[in-house]
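Per the working numbering, numbering through the sequence shown is continuous, rising by one, with the last residue being 116.
The beta-carbon is built from N, C-alpha and C at its ideal position, and this holds for glycine as well.
Data block below; observations after.
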Amino acid sequence: REGVSIDELVVLPSDFAHSSLTFAAMFRNRVLRAMQQSKARRSGGFGSPSDHEPHWIEKWNANHREGKDSLDWFFRAFNSTGIYEVVLKSSPRFYGFMVCGGVVGSYYWSRMWDHY
(Lines of atoms letter the chains of each structure in order from A and count residues from 1; the text may use other names and numbers.)
(Lines give C-alpha, C1' and ligand atoms only; values in the text may rest on other atoms or scores of the structure.)
Protein backbone atom coordinates (compact mmCIF):
# COMPACT_ATOMS: atom_id res chain seq x y z
CA ARG A 1 0.00 0.00 0.00
CA GLU A 2 1.15 3.52 -0.65
CA GLY A 3 1.89 5.88 2.20
CA VAL A 4 2.44 3.14 4.79
CA SER A 5 5.87 2.83 6.36
CA ILE A 6 7.38 -0.49 7.27
CA ASP A 7 7.27 0.47 10.98
CA GLU A 8 3.48 0.63 10.82
CA LEU A 9 3.27 -2.88 9.37
CA VAL A 10 5.44 -4.49 12.03
CA VAL A 11 3.36 -5.72 14.96
CA LEU A 12 5.26 -6.20 18.19
CA PRO A 13 4.05 -8.47 20.99
CA SER A 14 3.51 -5.44 23.23
CA ASP A 15 1.20 -3.88 20.62
CA PHE A 16 -0.68 -7.14 20.27
CA ALA A 17 -1.18 -8.00 23.92
CA HIS A 18 -4.46 -6.21 24.65
CA SER A 19 -6.08 -6.15 21.25
CA SER A 20 -9.20 -7.96 20.23
CA LEU A 21 -7.13 -10.00 17.80
CA THR A 22 -5.48 -11.76 20.72
CA PHE A 23 -8.86 -12.76 22.11
CA ALA A 24 -9.99 -13.99 18.69
CA ALA A 25 -6.81 -16.03 18.22
CA MET A 26 -7.12 -17.58 21.69
CA PHE A 27 -10.80 -18.37 21.11
CA ARG A 28 -10.04 -19.93 17.72
CA ASN A 29 -7.26 -22.01 19.28
CA ARG A 30 -9.60 -23.24 22.01
CA VAL A 31 -12.30 -24.15 19.48
CA LEU A 32 -9.82 -25.98 17.25
CA ARG A 33 -8.41 -27.89 20.22
CA ALA A 34 -11.91 -28.90 21.34
CA MET A 35 -12.81 -30.06 17.82
CA GLN A 36 -9.61 -32.08 17.59
CA GLN A 37 -10.25 -33.81 20.90
CA SER A 38 -13.84 -34.69 20.01
CA LYS A 39 -12.92 -36.48 16.76
CA ALA A 40 -13.16 -40.23 16.79
CA ARG A 41 -9.82 -41.98 16.49
CA ARG A 42 -9.30 -43.33 12.99
CA SER A 43 -6.15 -45.37 13.58
CA GLY A 44 -6.74 -48.71 11.95
CA GLY A 45 -9.91 -47.54 10.21
CA PHE A 46 -10.88 -47.81 6.57
CA GLY A 47 -8.08 -46.86 4.23
CA SER A 48 -5.33 -46.72 6.84
CA PRO A 49 -2.13 -48.75 6.41
CA SER A 50 -3.14 -51.02 9.29
CA ASP A 51 -6.57 -51.70 7.78
CA HIS A 52 -6.97 -55.38 6.90
CA GLU A 53 -7.59 -56.58 3.39
CA PRO A 54 -10.50 -58.91 2.67
CA HIS A 55 -9.75 -62.52 3.64
CA TRP A 56 -9.30 -63.76 0.07
CA ILE A 57 -6.68 -61.08 -0.63
CA GLU A 58 -4.77 -61.91 2.56
CA LYS A 59 -4.87 -65.60 1.57
CA TRP A 60 -3.64 -64.70 -1.94
CA ASN A 61 -0.80 -62.58 -0.51
CA ALA A 62 0.24 -65.38 1.84
CA ASN A 63 0.81 -67.73 -1.12
CA HIS A 64 4.53 -67.21 -1.72
CA ARG A 65 6.23 -68.79 -4.72
CA GLU A 66 9.69 -68.90 -3.11
CA GLY A 67 11.40 -72.18 -3.95
CA LYS A 68 8.50 -73.41 -6.15
CA ASP A 69 9.15 -71.42 -9.31
CA SER A 70 11.25 -72.72 -12.21
CA LEU A 71 12.94 -69.30 -12.41
CA ASP A 72 13.63 -69.16 -8.68
CA TRP A 73 17.38 -69.08 -9.37
CA PHE A 74 16.93 -65.95 -11.52
CA PHE A 75 14.80 -64.14 -8.94
CA ARG A 76 17.32 -64.91 -6.18
CA ALA A 77 20.18 -63.63 -8.35
CA PHE A 78 18.23 -60.52 -9.36
CA ASN A 79 17.26 -59.73 -5.75
CA SER A 80 20.86 -60.19 -4.57
CA THR A 81 22.12 -57.53 -7.01
CA GLY A 82 20.03 -54.80 -5.35
CA ILE A 83 19.16 -53.25 -8.72
CA TYR A 84 15.51 -52.89 -7.75
CA GLU A 85 16.25 -50.95 -4.56
CA VAL A 86 18.79 -48.65 -6.25
CA VAL A 87 17.26 -48.00 -9.68
CA LEU A 88 13.85 -49.56 -10.25
CA LYS A 89 11.82 -48.26 -7.29
CA SER A 90 9.59 -45.26 -7.97
CA SER A 91 12.08 -42.46 -7.55
CA PRO A 92 13.74 -39.83 -9.73
CA ARG A 93 16.35 -42.46 -10.63
CA PHE A 94 13.59 -44.77 -11.83
CA TYR A 95 12.10 -42.11 -14.08
CA GLY A 96 15.56 -41.19 -15.39
CA PHE A 97 16.24 -44.87 -16.06
CA MET A 98 12.94 -45.22 -17.93
CA VAL A 99 13.50 -42.09 -20.05
CA CYS A 100 17.11 -42.97 -20.93
CA GLY A 101 16.14 -46.59 -21.53
CA GLY A 102 13.31 -45.45 -23.79
CA VAL A 103 15.63 -43.20 -25.79
CA VAL A 104 18.28 -45.90 -26.24
CA GLY A 105 15.72 -48.64 -26.83
CA SER A 106 13.79 -46.67 -29.43
CA TYR A 107 17.02 -45.72 -31.21
CA TYR A 108 18.06 -49.35 -31.57
CA TRP A 109 14.49 -50.38 -32.43
CA SER A 110 14.56 -47.85 -35.29
CA ARG A 111 18.01 -49.03 -36.42
CA MET A 112 16.75 -52.62 -36.46
CA TRP A 113 13.86 -51.69 -38.79
CA ASP A 114 16.15 -49.54 -40.97
CA HIS A 115 18.36 -52.57 -41.46
CA TYR A 116 15.53 -54.52 -43.14
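(1) Check whether the Cβ atoms of L88 and F97 sit closer than 9 Å, and answer yes or no.
(2) Where does Y95 fall in DSSP's three states?
(3) Where do the ends of the alpha helix (DSSP H) carrying R76 lie?
(4) With H52 as the anchor, note down where its alpha helix (DSSP H) starts and where it stops.
(5) Considering only the beta carbon of each residue, do V117 and R76 sit closer than 9 Å?
(6) Just confirm the distance between the C-beta atoms of H64 and E58, as a whole number of angstroms; I'd bet it's less than 8 Å.
(7) For N63, name the three-state secondary structure that DSSP assigns.
(8) Look up D114 in the DSSP assignment and say whether it is helix, strand or coil.
(9) Can you tell me which of the three DSSP states S106 falls into?
So, from the data block:
(1) Numbered from its first residue, the sequence shown carries residue 88 at position 88. Numbered from its first residue, the sequence shown carries residue 97 at position 97. Going by beta carbons, L88 and F97 fall inside the 9 Å limit.
(2) Here residue 95 is taken as the residue at index 95 of the sequence shown, counted from 1. Three-state result, Y95: helix.
(3) Position 76 of the sequence shown, counting from 1, holds the residue named residue 76. First-last of the alpha helix (DSSP H) with R76: D72 to T81.
(4) Residue numbering aside, residue 52 sits at position 52 when the sequence shown is read from its first letter. Counting along the chain, H52 falls outside any alpha helix (DSSP H), and DSSP gives it neither H nor E.
(5) Beyond the ends of the chain as shown, which are 1 and 116, falls residue 117; an answer cannot be given.
(6) Working through the sequence shown from its first residue, we reach residue 64 at position 64. Working through the sequence shown from its first residue, we reach residue 58 at position 58. 13 Å between Cβ atoms; not a contact.
(7) If you number the sequence shown from 1, residue 63 lands on position 63. Three-state result, N63: coil.
(8) Taking the sequence shown and counting its residues from 1, one reaches residue 114 at position 114. Residue state, collapsed to three classes: helix.
(9) Counting from one through the sequence shown, the residue named residue 106 turns up at place 106. Three-state DSSP puts S106 in a helix.
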